[in-house]
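Reading through the structure tokens given below for one structure.
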Amino acid sequence: MDTPKKLSLDDIAPFLEKLGIQQESIQESEVLQTIQIQWNNLVPERLAKNTIPVILRDGVLMIEVKNPAYAQELAWHSGQIIQKLQRLGIFIEKVRTKQRF
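Position one of the sequence shown corresponds to residue 11 (my numbering), numbered consecutively onward.
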């Protein structure tokens, strides 16, 4: 029995576009998932426990925070976060926050 061929994103992109799903959206989702997995390595432990990356769109990483104090602290660390992501091959332009709850 033949082993099924593993499809790449390029293989299925035309079908996704017919459904209204852009390839860039899928790539951003994959990158966001990588950021979420690495989040504990990107920010101090206290921030990692009280923040979560939720959206990546057009070079902007949106982080949900539990309260405004964490938003302020995250803003202070944003340059370091961007640099650490660049070392992982992930290029973002800006970090933004929004409060959850």
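Backbone N, C-alpha and C fix where the C-beta goes; we use that ideal spot for every residue, glycine too.
My guess is that residue i and residue j are in contact by the Cβ rule of under 8 Å, so how many angstroms apart are they, rounded?
i      : j     : result
Arg106 : Met72 : 5 Å
Glu103 : Leu66 : Incorrect: roughly 11 Å between the Cβ atoms, too far for contact.
Please list the terminal residues of the continuous alpha helix (DSSP H) segment that includes residue i.
i      : result
Leu84  : Pro78 to Arg97
Lys104 : Segment Lys104 to Gln109 is the beta strand (DSSP E) holding Lys104; no alpha helix (DSSP H) there.
Lys59  : Glu55 to Asn60
Rounded to whole angstroms, what is the Cα-Cα separation between residue i and residue j?
i      : j     : result
Leu52  : Lys28 : 37 Å
Asn60  : Glu83 : 11 Å
Gln43  : Arg97 : 16 Å
Lys16  : Trp86 : 43 Å
Gly99  : Gln93 : 10 Å
Arg56  : Gln90 : 16 Å
Lys108 : Asp20 : 33 Å
Ala58  : Gln48 : 10 Å
Answer with buried or exposed for residue i, where buried requires no fewer than 16 other C-beta atoms within 10 angstroms of its C-beta.
i     : result
Val41 : buried
Val70 : exposed
Pro78 : exposed
Ile45 : buried
Taking 8 Å as the CB-CB limit, is residue i close to chain B?
i     : result
Gln96 : Within the model displayed, chain B is absent; a lone protein chain is all it includes.
Which residue marks the beginning of the beta strand (DSSP E) containing residue i, and which one marks its end?
i      : result
Ile100 : That residue, Ile100, is in no beta strand (DSSP E); it is neither H nor E in DSSP.
According to DSSP, is residue i helix, strand or coil?
i     : result
Pro24 : helix
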